[in-house]
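Participant: Under this note's numbering, the first residue of the sequence shown is numbered 10, with each subsequent residue one higher.
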Amino acid sequence: MKTVLGVTGGVAAYKAVYLLRRLQDNGADVRVVMTESAKKFVGELTFSALSGHAVFSELWAANGERSAHVQLANWADAVVVAPCSANTLAKLATGLCDNALVATVFSAHCPVVLAPAMDLEMYRHPSTHRNMEILRGYGYTLVEPETGYLASGLLGQGRMPEPETLLEAVFAAVTPKSLAGLRVVVTAGPTVEALDPVRFLSNHSTGKMGYALAAEAARRGARTTLVSGPVQLPAPYGVERLCVTTARQMFDATTKASVDADVVVKCAAVADFRPANVRTTKIKKNDAPPVIELVPNPDILLELGKNKKTSTTLVGFALETDDEITRALSKLRQKNADLVVLNSLRDEGAGFGGDSNVVTILDKHGGQKRLAKASKSEIAKQIWNHIIEYRKGTWA
Ligand code: CTP
Numbered sequence: 010m011k012t013v014l015g016v017t018g019g020v021a022a023y024k025a026v027y028l029l030r031r032l033q034d035n036g037a038d039v040r041v042v043m044t045e046s047a048k049k050f051v052g053e054l055t056f057s058a059l060s061g062h063a064v065f066s067e068l069w070a071a072n073g074e075r076s077a078h079v080q081l082a083n084w085a086d087a088v089v090v091a092p093c094s095a096n097t098l099a100k101l102a103t104g105l106c107d108n109a110l111v112a113t114v115f116s117a118h119c120p121v122v123l124a125p126a127m128d129l130e131m132y133r134h135p136s137t138h139r140n141m142e143i144l145r146g147y148g149y150t151l152v153e154p155e156t157g158y159l160a161s162g163l164l165g166q167g168r169m170p171e172p173e174t175l176l177e178a179v180f181a182a183v184t185p186k187s188l189a190g191l192r193v194v195v196t197a198g199p200t201v202e203a204l205d206p207v208r209f210l211s212n213h214s215t216g217k218m219g220y221a222l223a224a225e226a227a228r229r230g231a232r233t234t235l236v237s238g239p240v241q242l243p244a245p246y247g248v249e250r251l252c253v254t255t256a257r258q259m260f261d262a263t264t265k266a267s268v269d270a271d272v273v274v275k276c277a278a279v280a281d282f283r284p285a286n287v288r289t290t291k292i293k294k295n296d297a298p299p300v301i302e303l304v305p306n307p308d309i310l311l312e313l314g315k316n317k318k319t320s321t322t323l324v325g326f327a328l329e330t331d332d333e334i335t336r337a338l339s340k341l342r343q344k345n346a347d348l349v350v351l352n353s354l355r356d357e358g359a360g361f362g363g364d365s366n367v368v369t370i371l372d373k374h375g376g377q378k379r380l381a382k383a384s385k386s387e388i389a390k391q392i393w394n395h396i397i398e399y400r401k402g403t404w405a
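(1) Hey, could you find the ends of the alpha helix (DSSP H) Phe260 is sitting in?
(2) Any idea if Trp69 is buried or exposed, counting beta-carbon neighbours within 10 angstroms, 16 or more meaning buried?
(3) Starting from Phe282, follow the beta strand (DSSP E) in both directions and report where the run begins and ends.
(4) Any heavy atom of the ligand CTP within a distance shorter than 6 Å of the CB on Asp332?
(5) Any heavy atom of the ligand CTP within a distance shorter than 6 Å of the CB on Phe326?
(6) With a CB to CB cut of under 7 Å and the five nearest residues on each side skipped, what residues in its chain are close to Lys49?
(7) Based on the DSSP output, what are the partners of Val273 in its beta bridges?
(8) Under the rule that 16 or more other beta-carbon atoms within 10 Å means buried, what is Ser76, buried or exposed?
(9) Taking Cβ positions, are Leu144 and Asp271 nearer each other than 7 Å?
(10) Would you say the beta carbon of Asp372 is closer than 6 Å to some non-hydrogen atom of the ligand CTP?
(11) Taking the DSSP output, what are the residues bridged to Glu202?
(12) For Asn212, verify whether its CB is less than 6 Å away from any heavy atom of the ligand CTP.
(13) Looking at Ile392 and the ligand CTP, is the gap between the Cβ and the nearest heavy atom below 6 Å?
(14) Excluding sequence positions up to five away, which residues of its chain have a Cβ less than 8 Å from the Cβ of Gly219?
(15) According to DSSP, Tyr158 sits in a beta bridge with which residue or residues?
(16) Hey, out of Asn366, Asn96, His395, whose CA is closest to Ala381's CA?
(17) Return the first residue and the last residue of the beta strand (DSSP E) that Leu235 is part of.
(18) Which residues share a DSSP beta bridge with Lys378?
(19) Can you tell which of Asp347, Leu188, Arg257 has the C-alpha that lies nearest to the C-alpha of Ala223?
(20) Considering Val42, what are the terminal residues of the beta strand (DSSP E) in which it resides?
(21) Could you name the residues of the same chain whose beta carbon sits closer than 6 Å to that of Tyr149, not counting the 5 residues immediately before and after it, in chain order?
(22) Near Ala95, what residues of its chain come up, given a Cβ to Cβ distance below 7 Å and the 5 sequence neighbours on each side ignored?
(23) Quick check for students: name the residue ranges of the alpha helix (DSSP H) that lie wholly in the segment 45-94, counting only runs of 4 or more.
(24) Could you check the C-alpha separation between His134 and Glu249 for me, to the nearest Å?
(25) For Met259, collect the residues of the same chain with a Cβ closer than 7 Å to its Cβ; drop the 5 residues on either side in sequence, then sort them by chain order.
(26) Taking contact to mean at least 3 C-beta pairs separated by less than 8 Å, is the segment 81-99 in contact with the segment 52-63?
(27) Pull up the CB-CB distance for Glu387 and Leu351, whole angstroms please, since I reckon it's below 8 Å.
(28) Can you tell me the Cα-Cα spacing of Pro307 and Thr255, whole angstroms?
(29) Verify the contact flag: Asn345, CB atom, against every heavy atom of the ligand CTP, threshold strictly below 6 Å.
(30) Taking 6 Å as the line, does the beta carbon of Ile396 fall inside it for any heavy atom of the ligand CTP?
(31) Are the beta-carbon atoms belonging to Gly247 and Ala227 less than 7 Å from one another?
(32) What is the DSSP secondary structure of Val179, counted as helix, strand or coil?
(33) Return yes when the C-beta of Val194 is under 6 Å from any heavy atom of the ligand CTP, and no when it is not.
(34) Contact between the segment 76-91 and the segment 10-28 is defined here as three or more beta-carbon pairs at a separation below 8 Å; is this criterion met?
(35) If contacts are defined as beta-carbon pairs under 8 Å, then Asp372 and Leu348 qualify, I think. What distance do you get, rounded to the angstrom?
(36) For Phe326, tell me which candidate among Leu29, Arg168, Ser214 has the shortest Cα-Cα distance.
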């Protein structure tokens with residue numbers, strides 16, 4: 010992704026350095042445009058050294074280059090201005106095109122993301138909100154500043170969001186909206202079943218695959234709810250997250266969220282059993298070794314399959330260690346799913362915790378597609394491509 014990073018004058022300019030890095034980590038080629046005031050906060054050299062390109066900031070340079078702002082804007086797949094000062098917001102909203110940054114934004118045909126960041130009263134000022142509204146009307150993405158301590162020491166809204174959030178906003182802006190208008194529910198992570206106040210039964214799921222699926226659905230324009238067991242991941246950008254602990258809580262949250270869903274993806278590693286009795290006090294080791302009686306948890310996918318509407322696409326996951334295809338197909342049929350994504354723990358690069366996955370997608374008509382080892386976010390994209398094709402009836 011070819012990205013222009015515009016930096017304006019504000020304390021948050023230091024965070025733009027991290028954003029540049031995160032964009033590069035995700036494969037972007039980044040060129041930086043700075044206003045003169047931005048250079049009072051972070052040196053031009055930092056951005057040119059890290060981006061590997063000269064910083065563009067002199068609109069009137071007589072260096073023989075033809076309309077550098079037009080060339081840069083035509084080159085870009087995305088433009089992100091972070092931080093975007095009140096001054097630059099006003100210039101963009103009113104068409105005051107007197108510097109390299111505004112000229113580049115105005116020349117762009119690609120998605121534009123603006124991250125306003127300023128002090129409390131400046132952000133509260135009606136003029137700032139009017140300008141943001143105007144810019145939304147132009148089709149730009151405005152990422153709201155966060156609330157917290159500001160450079161002035163005041164507490165309130167105005168902080169530029171963290172680079173990770175802005176990175177997601179850029180991805181969302183450039184992703185075609187292939188799930189627009191659809192309501193998607195994804196489940197992710199393990200469930201945790203208490204045994205006593207200290208111990209629990211659970212599994213090794215980290216939620217990475219389910220979170221990648223929810224993030225990708227939101228990027229593609231779906232109204233996305235993620236029902237998540239306990240994991241160490243932040244909520245993906247643009248996703249409504251419902252946090253649960255036990256299988257029964259996940260059952261309640263998922264069935265409720267799925268009532269009007271077009272696609273439900275059951276990626277969670279739900280504990281099949283829970284202790285029949287949860288002790289109220291800690292089990293002591295000097296007591297006789299306990300025999301833990303277990304009772305079955307509800308099978309969420311099975312219940313969703315029983316009540317499935319014909320317009321809903323139900324996608325299950327199957328984690329297997331042997332006789333994988335046969336077992337996954339039997340789950341698909343038994344639970345009335347449309348598609349099942351098979352993970353085999355025998356595949357190198359598949360399974361819990363890692364950043365990659367290897368899966369085979371099976372459909373209820375007998376179709377089968379193996380996706381080669383790739384990052385979980387890449388696998389998520391491919392799974393969504395298959396779900397979309399399946400819904401159109403074009404999946405072979
Ligand atoms: N699943 C579910 N509720 C459960 C157990 C599983 O919704 N109580 C869902 C999972 O989210 C997954 C699919 O069913 O989409 C298959 O889960 P998996 O753990 O592979 O299989 P199980 O059905 O639990 O069967 P087994 O443990 O015997 O392999």
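Yeah, the Cβ is synthetic: ideal placement off N, Cα and C, and Gly gets one too.
Just so it is clear, the structure is predicted and the values come from calculations on it, not from any experiment.
Facilitator: Put simply:
(1) It spans 256-266 - the alpha helix (DSSP H) in which Phe260 sits, taken as one unbroken run.
(2) Taking all protein chains shown into account, Trp69 has fewer than 16 neighbouring C-beta atoms within 10 Å of its C-beta and is therefore exposed.
(3) Note, Phe282: beta strand (DSSP E), 282-284.
(4) False, no ligand heavy atom lies under 6 Å from that Cβ.
(5) At least one heavy atom of the ligand CTP is nearer than 6 Å to the Cβ of Phe326, so yes.
(6) Contacts found: Gly18.
(7) Paired residue(s): Val194, Leu323.
(8) Answer is exposed; the Cβ neighbour count stays below 16.
(9) Contact check for Leu144 against Asp271 fails: the beta carbons are separated by 7 Å or more.
(10) With a cut-off of 6 Å, the C-beta of Asp372 is classified as distant from the ligand CTP, since no heavy atom of the ligand falls inside that distance.
(11) Glu202 is bridged by DSSP to Leu210.
(12) No.
(13) Every heavy atom of the ligand CTP is 6 Å or more from the Cβ of Ile392, so no.
(14) Its chain contains Val195, Thr196, Ala197, Gly198, Leu235, Ser237, Val274, Cys276, Ala277 as the residues whose beta carbon lies nearer than 8 Å to that of Gly219, once the 5 sequence neighbours on both sides are disregarded; these appear in chain order.
(15) Residue pairing of Tyr158 in beta bridges, as defined by DSSP: Leu164.
(16) Looking from the CA of Ala381, the closest CA among Asn366, Asn96, His395 belongs to Asn366.
(17) First-last of the beta strand (DSSP E) with Leu235: 232-237.
(18) Lys378 pairs with Ile370.
(19) Ranking the options by Cα distance to Ala223, first place goes to Leu188.
(20) For Val42, the uninterrupted beta strand (DSSP E) segment begins and ends at 38-43.
(21) Sequence-distant partners of Tyr149 (beyond 5 residues in either direction) whose C-beta falls short of 6 Å from its own C-beta, in its chain, are Val121, Leu123.
(22) Hits under 7 Å: Met127, Met131, Thr137.
(23) Runs of the alpha helix (DSSP H) inside the segment 45-94: 53-60, 77-84.
(24) Straight through space, the alpha carbons of Glu249 and His134 are spaced by roughly 29 Å.
(25) Cβ neighbours of Met259 beyond the five flanking positions: Thr196, Thr200, Val236, Gly238, Val253, Ala277, Val279, Ile309.
(26) Touching, no, given that fewer than three Cβ pairs across the two stretches are closer than 8 Å.
(27) Distance from Glu387 to Leu351 at the Cβ level is roughly 17 Å; contact not present, criterion being Cβ atoms closer than 8 Å.
(28) CA-CA distance, Pro307 to Thr255, rounds to 11 Å.
(29) Because no heavy atom of the ligand CTP lies under 6 Å away, the Cβ of Asn345 does not count as near it: no.
(30) Ile396 Cβ: outside cutoff for every heavy atom of the ligand CTP.
(31) In contact: Gly247 and Ala227 (Cβ atoms closer than 7 Å).
(32) Val179 sits in a helix when the DSSP states are folded into three classes.
(33) Taking 6 Å as the cut-off, the C-beta of Val194 does not count as close to any heavy atom of the ligand CTP.
(34) Judged by Cβ distances under 8 Å, the segment 76-91 makes contact with the segment 10-28, as three or more pairs qualify.
(35) Correct: roughly 5 Å between the Cβ atoms.
(36) If we check each option's Cα against that of Phe326, Ser214 comes out closest.
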